[in-house]
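See structure below.
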Amino acid sequence: MRSISDLEFARKIALDLLSARPRSEAELRAALAKRNVPAEVIDELCRRFNEVGLLDDAAFAATLTTSRSQFSGRGKMRIRQELRQKGIDPETAEEALAEVSVDDELDAARAVAAKRARSLEGLERPVAQRRLAGVLARRGFSPGVVMQVVQETLIS
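At position 143 of the sequence shown the residue is numbered 880 (my numbering), and the sequence of numbers has no breaks.
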């Protein structure tokens, strides 16, 4: 069925991948499958890693959400999309996103807007509003947050 060498080979690859950066279970499974590791070995390895805490999608989602919100200036919609791309199930993603308060999202949007506002000086107000709103929307901020921050930024 499976040989110890397959399991050890997969374990080494998985540990190398996880030492480089945290990964979701889906990302790890895809990386192992790409290296032709048998499915039953991948299942066994993921089960073991989940048991010992080396693989934890909830912790991964929480860490990624905090990082992207606080340090990368991204809104909940963009973070949700990134979590989905990394194979995090919707329920786990929503639990992680619930930790980001509206105030946190507003603060992140204000920081992005403050940086961008300097490049908008001298433009007509409607043009500046449209450009700033576009930047914030592409970063995944909700329409309500975008409108509030655009008004705050361009009034002052």
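C-beta: ideal position from N, C-alpha, C; glycine also.
Helix, strand or coil for P827? Go by DSSP, reduced to three states.
In the structure shown, P827 falls within a helical segment according to DSSP collapsed to helix, strand and coil.
Please report the straight-line C-alpha distance between R811 and E745, rounded to a whole angstrom.
Answer to the nearest angstrom: the Cα atoms are 39 Å apart.
M738, buried or exposed, once every other Cβ within 10 Å from all chains shown has been counted against 16:
In this prediction, M738 scores a pLDDT of 43, lower than 50, which makes its location untrustworthy; the coordinate-derived value is nonetheless stated afterwards. Per the 10 Å Cβ criterion, exposed.
V789 burial status per 10 Å Cβ neighbour count (16 or more: buried)
exposed
Compute the distance between the beta-carbons of K852 and A763, then report whether it is under 8 Å.
no
Return yes when the C-beta of T803 is under 7 Å from any heavy atom of the ligand SAM, and no when it is not.
With respect to the ligand SAM, the structure shown offers nothing to examine, as it has no ligands at all.
Can you tell me where the alpha helix (DSSP H) with F786 in it begins and where it stops?
A776 to V789
Would DSSP call K813 helix, strand or coil?
Residue state, collapsed to three classes: helix.
Identify the continuous alpha helix (DSSP H) that holds V839 and give its terminal residues.
V839 to L857
In terms of residues, what are the limits of the alpha helix (DSSP H) holding S806?
D794 to Q807
Could you name the residues of the same chain whose beta carbon sits closer than 8 Å to that of L873, not counting the 5 residues immediately before and after it, in chain order?
The residues are G812, A846, V849, A850, V882, V883, V886 and V887.
Looking at C-alpha atoms only, which residue of G877, Q866 and L769 is the closest neighbour of L755?
If we check each option's Cα against that of L755, L769 comes out closest.
Could you pull the start and end residues of the alpha helix (DSSP H) that E762 belongs to?
E762 to K771
Proximity winner among T802, Q866, E828 and R868, relative to V837 (alpha-carbon distances):
T802
So, under 8 Å CB-CB, I825 and D780 are touching, yes? Tell me the CB distance rounded to an integer number of Å.
Not a contact, Cβ separation roughly 19 Å.
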